[in-house]
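Here's the structure, in structure tokens; my notes come after.
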Amino acid sequence: MGANTETINLPVGECTVTRKGSGPQLLLLHGGGGSIAEHPVIDRLAEKFEVIAPTHPGFNGTKVPDHFDGMPELVHFYLDVLDALEIEDAVLLGISMGGWLAAELASINCARFSKIILVDAVGVKVGGPTDRDIADVFGVPPDEATKLMYHDPANARDMSGLTDEELTELAGNRIALGLYTWEPYMHNPKLPQRLHRISAPTLLLWGESDGLVTTNYGKAYADLIPDARFVAIPEAGHSPYAEQTDRFVDEVFAFLD
Amino acid sequence: MRTYWFTEDAYPDLPPQDEYESIRVNLPNGEFDPERGHELYNWYLDLWCMAESYGLDIMNNEHHQTATCMVPAAPLMLAILARETKTARLLILGNPISNRRNPVRVAEEMALIDVISKGRLECGFVRGVPYEAAPANRTPLRGSQRLWEAHDMIMKAWTTHDGPFNFEGRWFHGRQINIWPRPYQQPAPPVWVTMGGRPSTTPVAKHKHVGAVFLAGYPRIREIFDGYREDYLKMHGEHAPFDRLGYLGLVYVGENEKKAREGAEKLLWYMTANKVPGYWSNPPGYHPPQISAQIMRGARGGSGVPLTATVDDQMARGNVFAGTPDQVYEQIKNFWEYSGGFGNMLMMGQAGFLTHEETETSMKLYAEEVFPRLKELEASTTPAEAWEKSKAMEKRENVPLDGFALEFVR
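Residue numbers (the working numbering), protein chains in the order written: chain W, 1 to 257; chain A, 1001 to 1410.
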């Protein structure tokens, strides 16, 4: 199945977008690891949908507009992206940081979205000030971060075999993630008071072994959204689409059917 | 030529290095004994006062959540010294204004110290080392841009005397800024900014501020100093005076070579104790992606391995000057000439386990036998001549650089 990648110009900046498949629109917002347009899960989703996967500015070597200081700029950037891509009646699927972005967009205006899937999403604080709701991925050794993120750490990308170019892209993704999530860390304190505006049916799809944001966090997140259900996928961590691709796709299709 | 005597106020009484992961950010403060801290703080204050008595000026700084530097609030220490000393210039290098939330508060604190000390403040601004990102909870991305916006706000606060003004920038905002007191020195206290590489020299030279360089050594000093001098000449049509540049090195002067060596080994604690894992030295946005990637690979410092700096290696790099008074003079003279000259020697004269007696011996020998000759060296030439002479010298940029240097050159 052929993919089509192009860079579109926007009123502020530009955006690289990959499209694959045909059918109803499924807008896929990637997480802090960068674009997953090349991942096999996209082929699976493209069996039934036109998957539209933009790359957030700063990830995978793309440019960050000079005025960007954090998530608010990305949210407004995406309002332009939604216009430019003529997103209508689309499924909105956001993963991790992309789930936060999806929740922000849907709570501004949900009219463009038929259904919403938040996958191991961040974006809210559900506990008290001293509860570490979201593990600090910038403040732990890499092997500990791997343990938090994966059900089976053997599924993590092997860093030792990367070329300088690949590692530099990874470092760039990490910088972009820092740009959007540094403070308040991976959440918007105002978002919980906005989530009532999400009128579309919403699925919070979680890796049961996620150590970055646990299933308890996911359930509390679901409680903040009016028409939300929570489903956990066993033997998967923070990236269930990668560790349990088939189960993940099954759950997505079951929700969207 | 001025010499600013400097110590980071380390807390050296730590468990063996293999028993903790990092000396910075997450070393539990249960390791800090307040009784011992009380002794050390007062001792360090005594050392600074002693530096004044030997005709040296004073430099201090701050870091956070680290045993390498117990001072999380440099203005507090400097305020004590403003009262305890009478003649020394008081250099704070510096205020980490990229990470500070409110530059107006910095302007107020500095003005207060300047007035108490009767105009002896030398006010430094720094971006801060990468390990400061986590304690400050401030993104290191665009840190240099934030530094200059905060700088502009502080300068405006110092130099506005006819009532409130507004400053509404990208990061910092005030609508009714009118600081009391205003600084003693008019129009403003001398300003210092650290320079880490070529692009960072331009705004410093533009403002005619003092550009300070920490431990860049032979490999990088020319790039940075030449950059400043070129920028200064281009923008102001005259050569940068010597007093616009400063260099920080570790200095130990001993009565004989053996004692000097022992002192230098102890001083090197500053480098060898700096056990910091990559995730603290590589916060996202501090380094460009290429350098960040090298740290991730462990090819640069910050890989969690204690540094293996040796005195010989660091002397070869121009980071450590150690020996008898004659030897130290020769070493600094060679570096000074190679660098094209600078008017401010920033002397890290105490670190780790150097005793009071050892520290004083070195301070005294430096002040009485090295410093006067450095003053003569500076007086014997002009900035233009010294720069010209340095250009004719063979470049020593191929001296290998490993991890620590980049992190400290801030």
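Ideal placement from N, C-alpha and C gives every residue a C-beta, glycine not left out.
Go ahead and pull the three-state DSSP assignment for residue i.
i	result
LEU10(W)	coil
ASP1009(A)	coil
ALA222(W)	helix
HIS1151(A)	helix
ARG247(W)	helix
TYR185(W)	coil
VAL17(W)	strand
ARG1002(A)	strand
SER1390(A)	helix
ILE1092(A)	strand
PRO129(W)	coil
ILE1177(A)	strand
ALA46(W)	coil
ARG1138(A)	coil
ALA1316(A)	helix
VAL1305(A)	Reliability of the predicted coordinates at VAL1305(A) is poor, the pLDDT of 40 falling under 50, and the value obtained from them is presented with this limitation in mind. Correct three-state label for VAL1305(A): coil.
PRO1187(A)	coil
TYR1338(A)	helix
ALA3(W)	strand
GLY1285(A)	coil
GLY1143(A)	helix
ILE123(W)	The amino acid occupying residue 123(W) in the given sequence is Gly; Ile does not appear at that position. Correct three-state label for GLY123(W): strand.
ASN1099(A)	coil
Can you pull the chain A residues whose beta carbon is under 7 Å from the beta carbon of residue i, in chain order?
i	result
THR168(W)	PRO1289, GLN1290 and ALA1293
PHE138(W)	TYR1279, PRO1283 and PRO1284
ALA135(W)	None at all; the shortest Cβ gap to chain A is about 13 Å.
GLY31(W)	Going along chain A, no residue has its Cβ under 7 Å from GLY31(W), so there is no contact; the nearest lies around 15 Å.
ALA171(W)	PRO1289, SER1292, ALA1293 and MET1296
GLN197(W)	Reading off the sequence, residue 197(W) comes out as Arg, not Gln. None at all; the shortest Cβ gap to chain A is about 29 Å.
Please name the residue, chosen from the options, that lies closest to residue i on a Cα-to-Cα basis.
i	options	result
GLY1285(A)	ALA1133(A), ARG1261(A) and PRO1103(A)	ALA1133(A)
LEU28(W)	LEU10(W), ASP69(W), GLY2(W) and LEU85(W)	LEU85(W)
ASP52(W)	HIS39(W), THR163(W), GLY70(W) and LYS20(W)	Going by the sequence as given, residue 52(W) is Ile instead of Asp. Answer by Cα proximity: LYS20(W).
PRO184(W)	VAL124(W), THR146(W), SER114(W) and TYR221(W)	VAL124(W)
LEU1014(A)	PHE1321(A), ASN1029(A), GLY1211(A) and ILE1080(A)	ASN1029(A)
VAL1328(A)	MET1347(A), PHE1342(A), LEU1076(A) and LEU1056(A)	MET1347(A)
VAL249(W)	ASP136(W), LEU203(W), ALA228(W) and LEU224(W)	LEU203(W)
GLN1145(A)	HIS76(W), ASP210(W), HIS67(W) and GLY127(W)	HIS67(W)
ALA90(W)	GLU73(W), LYS115(W), ASP120(W) and MET186(W)	LYS115(W)
GLU1357(A)	PRO1034(A), ASP1046(A) and GLU1035(A)	ASP1046(A)
TYR1044(A)	CYS1069(A), ILE1023(A) and MET1195(A)	CYS1069(A)
ILE8(W)	THR168(W), TYR180(W), HIS56(W) and GLU47(W)	HIS56(W)
MET1296(A)	CYS110(W), SER35(W), TYR78(W) and GLY172(W)	GLY172(W)
HIS1209(A)	ILE1221(A), ARG1222(A) and MET1195(A)	MET1195(A)
ASN188(W)	LEU79(W), LEU179(W), VAL122(W) and GLU47(W)	VAL122(W)
TYR1218(A)	GLU1008(A), ALA1079(A), PHE1335(A) and CYS1049(A)	PHE1335(A)
LEU1121(A)	ARG1127(A), LEU1093(A), GLY1163(A) and PRO1325(A)	LEU1093(A)
LYS1243(A)	GLY1341(A), ILE1291(A) and THR1202(A)	A small fix is needed here, since residue 1243(A) is Asp in this sequence, not Lys. Closest option to ASP1243(A), Cα to Cα, is GLY1341(A).
HIS1236(A)	LEU1245(A), ALA1260(A), HIS1207(A) and VAL1213(A)	HIS1207(A)
ARG1105(A)	ILE1179(A), TYR1004(A) and ARG1175(A)	ILE1179(A)
ALA1264(A)	VAL1071(A), LEU1245(A), MET1315(A) and VAL1276(A)	MET1315(A)
PHE1172(A)	ALA1157(A), ASP1162(A), GLN1185(A) and LYS1234(A)	ALA1157(A)
PHE1225(A)	ARG1198(A), THR1310(A) and PRO1203(A)	ARG1198(A)
ILE1177(A)	ASP1033(A), ASP1152(A), ARG1083(A) and ARG1261(A)	ASP1152(A)
Does the ligand ZN have even one heavy atom less than 6 Å from the beta-carbon of residue i?
i	result
ILE1154(A)	Annotation note on the ligand ZN: not contained in the displayed structure, which lists no ligands.
Can you pull the chain A residues whose beta carbon is under 8 Å from the beta carbon of residue i, in chain order?
i	result
VAL122(W)	Correct list: empty, because the minimum Cβ distance to chain A is about 16 Å.
LEU177(W)	PRO1284
Residues of chain W with CB closer than 7 Å to the CB of residue i, please, in chain order.
i	result
ASN1137(A)	GLU183
Name the one or two DSSP bridge partners that residue i has.
i	result
TRP1192(A)	GLY1124(A) and VAL1210(A)
LEU203(W)	ILE117(W) and ARG229(W)
GLY1323(A)	VAL1253(A)
ILE52(W)	ARG19(W) and LEU27(W)
PHE1167(A)	GLY1174(A)
ASN155(W)	ASN155(W) pairs with nothing; no bridge assigned.
LEU1346(A)	TYR1004(A) and LEU1248(A)
Under 9 Å Cβ-Cβ, which residues of chain W neighbour residue i?
i	result
ARG1297(A)	MET159, SER160, LEU162, ASP164 and LEU167
ALA1134(A)	ASP136, PHE138 and GLY139
What in chain A is Cβ-close to residue i, meaning under 9 Å?
i	result
ILE225(W)	The contacting residues do not exist; ILE225(W) stays about 28 Å from chain A at best.
GLY211(W)	Correct list: empty, because the minimum Cβ distance to chain A is about 16 Å.
ARG19(W)	Within chain A, no residue comes near ARG19(W); the closest Cβ sits about 27 Å away, beyond 9 Å.
Every unbroken beta strand (DSSP E) inside the segment 57 to 113 of chain W [3 residues or more]: 90 to 95
Which residues, taken in chain order from the segment 1137 to 1159 of chain A, show a beta carbon closer than 9 Å to some beta carbon of chain B? This model lacks chain B altogether, as its protein chains are W and A.
Unbroken stretches of the alpha helix (DSSP H), 4 residues or longer, contained in the segment 1013 to 1070 of chain A: 1034 to 1053
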